[in-house]
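Novice: Going line by line, the protein sequences match chains G and C.
Residues in the first sequence are numbered from 1 upward in steps of one, following UniProt numbering.
Residues in the second sequence are numbered from 1 upward in steps of one, following UniProt numbering.
Where a beta carbon is used, it is the ideal one built from N, C-alpha and C, also for glycine.
2 protein chains.
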Amino acid sequence: MQDPFDQKKQAILDEISTNSSDNLDASPKGTIDEKCIPIINLINKDPNMVTTSSCSGRVSVFLEGKHQEGQNKIIAKGNEGRWLFVTHNPEDLPKWYDGVDFKYLCDQFPGGESRSILFKFEPLILHVKCRDLNQASKLYTVAMNCGFRESGIGSNYNVAIRISIKLDIPIGYGNDSEELVSFVSKEYLEYATKLSYERFTENFKKMNQLYDAIDKMMSSGDQQKVKDKETKEERRERKIREGLQRQQELKQKQQQQQQQEEEERTE
Amino acid sequence: MQDPFDQKKQAILDEISTNSSDNLDASPKGTIDEKCIPIINLINKDPNMVTTSSCSGRVSVFLEGKHQEGQNKIIAKGNEGRWLFVTHNPEDLPKWYDGVDFKYLCDQFPGGESRSILFKFEPLILHVKCRDLNQASKLYTVAMNCGFRESGIGSNYNVAIRISIKLDIPIGYGNDSEELVSFVSKEYLEYATKLSYERFTENFKKMNQLYDAIDKMMSSGDQQKVKDKETKEERRERKIREGLQRQQELKQKQQQQQQQEEEERTE
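(1) Flag this pair as touching only if the region 232-250 of chain G and the region 5-17 of chain C have three or more C-beta atom pairs under 8 Å; answer yes or no.
(2) Do you know how far the Cα of I125 of chain G is from the Cα of N156 of chain C?
(3) Tell me the residue span of the beta strand (DSSP E) that contains S54 of chain G.
(4) What would DSSP say about P123 of chain G, mapped onto helix, strand or coil?
(5) Which residues in chain C sit within 7 Å of G152 of chain G, going by Cβ to Cβ distance?
(6) Give the straight-line distance between the Cα atoms of D222 of chain C and Y211 of chain C, rounded to the nearest whole angstrom.
(7) What residues of chain C sit near P170 of chain G, judged by a beta carbon separation below 8 Å?
(8) Hey, does V142 of chain G have any beta-carbon neighbour from chain C nearer than 8 Å?
(9) Using DSSP's beta-bridge definition, name the partner residues of C130 of chain C.
(10) Looking only at its chain, what residues have a beta carbon closer than 8 Å to the beta carbon of Y197 of chain G, apart from the 5 residues adjacent to it on each side?
(11) With 16 as the cutoff for other CB atoms within 10 Å, does Q256 of chain G come out buried or exposed?
(12) Report yes or no: is there a C-beta of chain G within less than 8 Å of the C-beta of D107 of chain C?
(13) For L133 of chain G, return the contacting residues in chain C, with the cut-off set at a CB-CB distance below 9 Å.
(14) Could you run through the region 174-187 of chain C and flag, in chain order, every residue whose CB is less than 8 Å away from some CB of chain G?
(15) Is the distance from the Cβ of V142 of chain G to the Cβ of A213 of chain G below 8 Å?
(16) Using the Cβ count rule (16 or more neighbours within 10 Å means buried), how would you classify G30 of chain C?
(17) From the beta carbon of S137 of chain G, is the nearest beta carbon of chain C less than 8 Å away?
(18) Considering only their Cβ atoms, is the gap separating G172 of chain C from S185 of chain C smaller than 8 Å?
(19) Count Cβ pairs between the region 129-136 of chain G and the region 43-57 of chain G that sit closer than 8 Å; are there 3 or more?
(20) Are the C-beta atoms of E267 of chain G and some chain C residue less than 8 Å apart?
(21) Quick test of your reading: M207 of chain G and D46 of chain G, contact by CB under 8 Å. State the CB separation rounded to the nearest angstrom.
(22) My output table needs one value for F102 of chain G: the three-state DSSP class, helix, strand or coil.
(23) Which of the three DSSP states, helix, strand or coil, is assigned to V184 of chain G?
(24) So, for D107 of chain C: in the same chain, excluding its five sequence neighbours on each side, which residues have a beta-carbon less than 8 Å away from its beta-carbon?
(25) Helix, strand or coil for G172 of chain G, going by three-state DSSP, please let me know.
(26) Are there 16 or more other CB atoms within 10 angstroms of the CB of E230 of chain C, so buried, or fewer, so exposed?
(27) Would you mind sorting E179 of chain C into buried or exposed? The rule is 16 or more other CB atoms within 10 Å of its CB.
(28) Are the Cβ atoms of Q135 of chain C and N44 of chain C separated by less than 8 Å?
(29) Using the Cα positions of F62 of chain G and G174 of chain G, report the straight-line distance between them to the nearest angstrom.
(30) Can you give me the start and stop residues for the alpha helix (DSSP H) that L13 of chain G sits inside?
(31) Cutting at 7 Å between CB atoms, please list the residues of its own chain near M144 of chain C, excluding the five before and the five after it.
(32) Starting from T231 of chain G, trace the beta strand (DSSP E) both ways and give me its first and last residue.
(33) Could you tell me if L167 of chain G is buried or exposed, where buried requires 16 or more neighbouring beta carbons within 10 angstroms of its beta carbon?
Structural data, given as structure tokens:
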């Protein structure tokens, strides 16, 4: 029988491979963010890890749902809450607000129970299920060292990789006549959008850094595995090969130095 | 020799007990947030846990430092970055902006390299070092179940307890003449302050919920320990005691019911 981790991993990979615009997953967008695919593929190459959810970073503008008695007052997603704008792609940012039917009523704030409109930048988040604590700890440490300081290991060796470059800005509200009121100016929205663009840039830089660090972690694991598996004879051969390589490198270096000295003399 | 965890815990407790306005810790404020003290004391009563850092939640207004070549562009804390306002206490919020020398230049946004001013609400965060993975997992699960969905276990069984009710709002910038410019109106600042007040309320509600859940986790641990330690004879005695208690409770209930029936008849 297959190991439970391998079984779970296979099921997740099957689901990922069939995910497309015709076969949506549970996320609001329904498909995997394109910008996450390289890092997802990298991680899933490791037999001890599998990605379970991801978001490459996004800008979203959300109209809260209607408040209900006794409900958490901060964010009510249910009850007709809806996205006015979402993108994972910085190229979609310019003038996004012209696509929303905002009524600009600067500095007219709602009283009492109204449905807030929040403008958000949310950075990369990755969830990775690991085979064991050793693997989870290794991944956690790599992520922390890359600046993903809000990372953590959850239950069942699930590692959440998080960073805290966010924006979370109240920009308006939905009024009783179902209008979308912006109590900040269009210029403010433009400025917040510019900041989000910068955060996207930083976010993708961090994602690349994470990619490289995970790649390095995986290949050093591979080298270790080669060493663990080799027989006595293989080890002898590797040592000879490595010794020859070192000799060759030394010889090359000496030749280069000689050449350099000669060049200096002729100058 | 003392166990390493116990040794570390004792050192932390010694530091906490001498922490005061005369003996500051490494946090910006220098002392433990008053509102954290009950939950810190509760956690530290458990021989398998010790709190290593905490913030009860705060509103802060921060002027970024000067940007340097090659530096992360998002938030530069160093280089003369400074807090214009910080509080852990909702009572300090009203009209905080009157204490800052803001120049209100609505909708005049800076071009190029300027030092941003950010208004932030940050919720409770608690770091708890646990003796082993079992204890860390128990605490992690309790925190997640209370809605602290960004919690995670770090290295050395350090649990970070985090929740994501935040605000992160660009409100202005420091100009070349060292003036503090607010590009949002005073009314906007007032509105953001009102939202922060609501978030504080929700934050403290969550903190109380977490207190109760940790308390329950600890006392169920204690009961288990009593059961683990008792001898056969003690177990027999406990069973008899519990049986007698149940009988007594049943008798009381019957009496109450009888009394109630009598009262109903006389009405």
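Specialist: This is what the structure gives:
(1) no
(2) Indexing the second sequence from 1 puts residue 156 of chain C at position 156. Indexing the first sequence from 1 puts residue 125 of chain G at position 125. Rounded to whole angstroms, N156 of chain C to I125 of chain G spans 23 Å at the Cα level.
(3) As a first step, residue 54 of chain G must be located in the first sequence, where it is residue number 54. Run containing S54 of chain G: 49-55, per the beta strand (DSSP E) assignment.
(4) As a first step, residue 123 of chain G must be located in the first sequence, where it is residue number 123. Three-state DSSP puts P123 of chain G in coil, outside helix and strand.
(5) As a first step, residue 152 of chain G is located in the first sequence; it is residue number 152 there, counting from the start. What G152 of chain G touches in chain C: S151, G152, I153, G154, A160.
(6) In the second sequence, the residue the question calls residue 222 of chain C occupies position 222. In the second sequence, the residue the question calls residue 211 of chain C occupies position 211. Each residue's Cα considered, the two are about 16 Å apart.
(7) Start at 1 with the first residue of the first sequence, and residue 170 of chain G comes out as number 170. Here the neighbours are L167, I169, Y191, A192, L195.
(8) Within the first sequence, the letter at position 142 stands for residue 142 of chain G. V142 of chain G does not count as touching chain C.
(9) Along the second sequence, read from residue 1 onward, the residue named residue 130 of chain C stands at position 130. For C130 of chain C, the beta-bridge partners assigned by DSSP are C:M49.
(10) To locate residue 197 of chain G, count along the first sequence from 1; it is residue 197. If we look at Y197 of chain G and ignore the five residues flanking it on each side, its Cβ neighbours are P90, L93.
(11) If you number the first sequence from 1, residue 256 of chain G lands on position 256. Q256 of chain G should be labelled exposed.
(12) Here residue 107 of chain C is taken as the residue at index 107 of the second sequence, counted from 1. Yes, D107 of chain C counts as interfacial toward chain G.
(13) By 1-based counting over the first sequence, the position of residue 133 of chain G is 133. Ordered by position in chain C, the residues that pass the 9 Å Cβ test against L133 of chain G are L133.
(14) F183, V184, S185, E187
(15) For the purposes of this step, residue 142 of chain G is taken as the residue at position 142 of the first sequence. For the purposes of this step, residue 213 of chain G is taken as the residue at position 213 of the first sequence. Cβ atoms of V142 of chain G and A213 of chain G: closer than 8 Å.
(16) Translated into the one-based positions of the second sequence, residue 30 of chain C becomes position 30. It is exposed - the Cβ of G30 of chain C has fewer than 16 other Cβ atoms within 10 Å.
(17) Residue numbering aside, residue 137 of chain G sits at position 137 when the first sequence is read from its first letter. Output row for S137 of chain G: interface = yes.
(18) Taking the second sequence and counting its residues from 1, the one referred to as residue 185 of chain C is at position 185. Taking the second sequence and counting its residues from 1, the one referred to as residue 172 of chain C is at position 172. No, the pair does not count as a contact, with Cβ atoms beyond the cut-off.
(19) yes
(20) Counting from 1 along the first sequence, the entry for residue 267 of chain G is found at position 267. With a pLDDT of 39 at E267 of chain G, under the threshold of 50, the modelled position of this residue cannot be trusted, and the question is left open.
(21) Walking along the first sequence from the start, residue 207 of chain G turns up at place 207. Walking along the first sequence from the start, residue 46 of chain G turns up at place 46. The Cβ separation is near 18 Å, so there is no contact.
(22) Position 102 of the first sequence, counted from the start, is the residue given in the question as residue 102 of chain G. Here F102 of chain G sits in strand by DSSP.
(23) Translated into positions along the first sequence, residue 184 of chain G becomes position 184. Coil, per DSSP.
(24) Position 107 of the second sequence, counting from 1, holds the residue named residue 107 of chain C. So the qualifying residues of the chain are F183.
(25) In the first sequence, the residue the question calls residue 172 of chain G occupies position 172. Strand at G172 of chain G.
(26) Sequence index remark: in the second sequence, residue 230 of chain C carries index 230 (1-based). Exposed is the call here.
(27) Numbered from its first residue, the second sequence carries residue 179 of chain C at position 179. Burial call: exposed.
(28) Within the second sequence, the letter at position 135 stands for residue 135 of chain C. Within the second sequence, the letter at position 44 stands for residue 44 of chain C. Contact flag unset, no.
(29) For the purposes of this step, residue 62 of chain G is taken as the residue at position 62 of the first sequence. For the purposes of this step, residue 174 of chain G is taken as the residue at position 174 of the first sequence. Those two C-alpha atoms are separated by around 11 Å.
(30) The count along the first sequence starts at 1 and reaches residue 13 of chain G at position 13. Unbroken alpha helix (DSSP H) run through L13 of chain G: 4-18.
(31) Counting from 1 along the second sequence, the entry for residue 144 of chain C is found at position 144. Same-chain partners within the cutoff: S151.
(32) Position 231 of the first sequence, counted from the start, is the residue given in the question as residue 231 of chain G. Per DSSP, T231 of chain G belongs to no beta strand (DSSP E) and is neither H nor E.
(33) Counting from 1 along the first sequence, the entry for residue 167 of chain G is found at position 167. Buried is the call here.
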